[in-house]
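Residue numbers are given in numbering that gives the first Met the number 0: position 178 of the sequence shown equals residue 177, and the series is strictly consecutive.
Glycine residues also receive a C-beta, built at the ideal position from the N, C-alpha and C atoms.
All figures in this text were calculated on a predicted structure; none of them were measured in a lab.
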Amino acid sequence: MFFTVERRVDALIEVKRSKFLAVVERAASEEAARAVIATARSANPVARHHCSAFIVGDVPGNLILRTNDDGEPSGTAGGPMLDVLLGREMTNVVAVVTRWFGGVKLGTGGLARAYGDAVTHALENARLLRRERRELLQVQLDYTEVGRVESELRVRGIGIVSIDYRSRAVMTVQVEDVDAVIGMLAGLTGGTARPEVVGHTYAESALL
């Protein structure tokens, strides 16, 4: 299970007269993440640094992780920013921190703390969404069973993606426990339902 942000958020912090503007935004691909970074850079062209970190993907162990210190000492910006995102179990998200130098050097430790804190403050303003894998189950039904099955699925909180009407009704649903839902459908329809797993998706729900 991972988390992402519902929409763009930002935060501005000041450390020893240097200002750090953090922007955190959704990005479903590396290209989308780099577009967000480019937008942040063009929005503040006179700023000295536009450091970034992003995570893209939904498969543990196969995520795309990228950082950029953008002229800051190596490891003092993008890495600490990425650590914040990883610590919050985020994915499909990009963070950009724009820095305006205030005339006082912060040192490597101070820079790392400032960049990480800027992202943390931005995430505190975010509404987070939980992302969980769901199997896509396609179910062929007799027309007479559609209403009853649909009602039962909604009562159980199972997401209905679509209902198509062909020679039989074809309902596509998002399920967490495939075997349990197949068993429920068999009992509800007397075995006439024909379920088949056709893929997977990711369901998002807001944290309370």
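Environment of residue i [buried if 16+ CB atoms lie within 10 Å]
{"i": "D68", "result": "buried"}
{"i": "A205", "result": "exposed"}
{"i": "A39", "result": "buried"}
{"i": "S73", "result": "exposed"}
{"i": "F1", "result": "buried"}
{"i": "I63", "result": "exposed"}
{"i": "S17", "result": "buried"}
Residues that residue i bridges to, as DSSP identifies them
{"i": "R132", "result": "Y201"}
{"i": "N67", "result": "S51"}
{"i": "P59", "result": "DSSP, once it has assigned bridges, lists no residue as partnering P59."}
{"i": "I12", "result": "F19"}
Reduced DSSP category for residue i - H, G, I as helix; E, B as strand; rest coil
{"i": "A76", "result": "coil"}
{"i": "T3", "result": "strand"}
{"i": "S161", "result": "strand"}
{"i": "T97", "result": "strand"}
{"i": "T90", "result": "coil"}
{"i": "A117", "result": "helix"}
Quick one: any contact between the region 118-126 and the region 18-26, if contact means 3 or more CB pairs under 8 angstroms?
-> The region 118-126, when compared against the region 18-26, does touch it at the 8 angstroms Cβ threshold.
Does the pairing of the region 100-111 with the region 71-85 give three or more beta-carbon distances under 8 angstroms?
-> yes
Touch check for the region 85-97 and the region 46-58: three-plus C-beta pairs under 8 angstroms?
-> yes
Segment contact flag, the region 78-85 with the region 130-145, C-beta cutoff 8 angstroms, min 3 pairs = no
Between the region 137-157 and the region 187-204, do at least 3 Cβ pairs fall closer than 8 angstroms?
-> yes
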